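Participant: Residue numbers for the sequence shown follow our numbering, so the first one is 70 and each next one is one higher. In this text, a Cβ means the ideal position worked out from N, Cα and C, and glycines have one as well. Since the model is a prediction, treat every value here as computed from it, not as a measurement. Right, I'll just put the structure down here and ask away after.
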Amino acid sequence: MHFLGFNSIFPKIAEYETRSITVLQNGESLPMGEYSFIELYCADKKCDCRRVMMHVFSSDSSQKHPRLAVLSFGWEPKAFYRKWAPNLSDDDLKYFRGPALDPHEKQTIHAEHLLE
Ligand SMILES: [Zn+2]
70 MHFLGFNSIF
80 PKIAEYETRS
90 ITVLQNGESL
100 PMGEYSFIEL
110 YCADKKCDCR
120 RVMMHVFSSD
130 SSQKHPRLAV
140 LSFGWEPKAF
150 YRKWAPNLSD
160 DDLKYFRGPA
170 LDPHEKQTIH
180 AEHLLE
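Pasting the structure below:
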């Protein structure tokens with residue numbers, strides 16, 4: 070699986086379609102600021118993983134690590150991923166189906182809140 074940023078292939082559409090959230094007050098979960106969710110899709114023509122990865126960035130340039138989380142989302146039913154990758158354990162399967170934090174990427178203390 071090789072993931073490419075949607076914005077690198079369709080920059081004009083991404084300009085309008087990229088989603089962000091704005092936290093207006095410092096809370097228990099996320100510091101005040103804007104968070105952008107950059108979508109990446111699998112570019113391997115032989116792969117049919119049907120997943121999106123989302124890199125979540127903070128607009129706060131003073132952040133030491135502006136990429137705060139890497140989320141994954143598989144939109145097909147669990148049975149699809151079980152058939153697609155029959156050797157996946159039940160534990161691994163939870164990272165393919167539905168929303169999850171990517172276990173192979175560096176996450177920050179804000180990642181769980183961004184996943185929510
Ligand atoms: Zn794929």
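#1: Can you tell me the Cα-Cα spacing of Gln-94 and Ser-131, whole angstroms?
#2: Does ligand 1 have even one heavy atom less than 7 Å from the beta-carbon of Asp-161?
#3: Quick check on DSSP: helix, strand or coil for Tyr-85?
#4: Less than 7 Å between the CB of Asp-113 and some heavy atom of ligand 1, yes or no?
#5: What ranges does the alpha helix (DSSP H) occupy inside the segment 144 to 170, keeping only unbroken runs of at least 4 residues that lie completely in it?
Facilitator: Result, derived from the coordinates:
#1: 17 Å
#2: no
#3: Of the three classes helix, strand and coil, the one that applies to Tyr-85 here is helix, per DSSP.
#4: yes
#5: 147 to 153 and 159 to 162
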